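Notes follow once the structure below has been shown.
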């Protein structure tokens, strides 16, 4: 004859083991998603800073076409979803400093326009 407490333990383990497995899967899924979000944020930040560095280098070279390309890049980046909210102040201050220094106050005022729409080209037009 099997003691009653062993039967109870068997029933509890039968019920709890799938629930514990489900909890482990849910925890693993949560941690994986959190890691993916952190990695995505890091990749966006890396790409943002790479673009900022390139734009500043273009502006500081002094070539008129490079300066224009750098200003357009910074201008587009400030309106882009790629720019993280915590990086906005840094990019805005850098844009202000570099743009005013190289191309003057009037060009920076143009950059600050909020109702200008940035249009990306298609595959036929760049």
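Residue numbers (the numbering used here): 10 to 135. We treat Cβ as the ideally placed atom computed from N, Cα and C, and that holds for glycine. Computed from a predicted structure; not experimentally measured.
Report the residue from the options whose alpha carbon sits nearest the alpha carbon of residue i.
i: residue 68; options: 108, 29, 22; result: 108
i: residue 66; options: 24, 103, 40; result: 103
i: residue 96; options: 73, 74, 56; result: 56
Please classify residue i as buried or exposed, where buried requires at least 16 neighbouring CB atoms within 10 angstroms.
i: residue 71; result: exposed
i: residue 134; result: At residue 134 the pLDDT is 47, less than 50, meaning the model places this residue with poor confidence; the figure from the coordinates comes in the next sentence. Label assigned to residue 134: exposed.
i: residue 79; result: buried
i: residue 92; result: buried
i: residue 20; result: exposed
i: residue 30; result: exposed
i: residue 106; result: exposed
i: residue 41; result: exposed
i: residue 127; result: Because the pLDDT of residue 127 is 42, which lies under 50, any placement of that residue in the model is unreliable, and the number read from its coordinates should be weighed accordingly. It counts as exposed.
i: residue 100; result: buried
i: residue 23; result: exposed
* Asked: On the three-pair Cβ rule with 8 Å, is the region 83–96 touching the region 50–65?
  -> yes
* Would you say the region 12–28 touches the region 37–56, given that touching needs at least three Cβ pairs under 8 Å? -> no
* Residue ranges of each alpha helix (DSSP H) run of no fewer than 4 residues wholly in the region 70–104, ordered along the chain? -> 73–88
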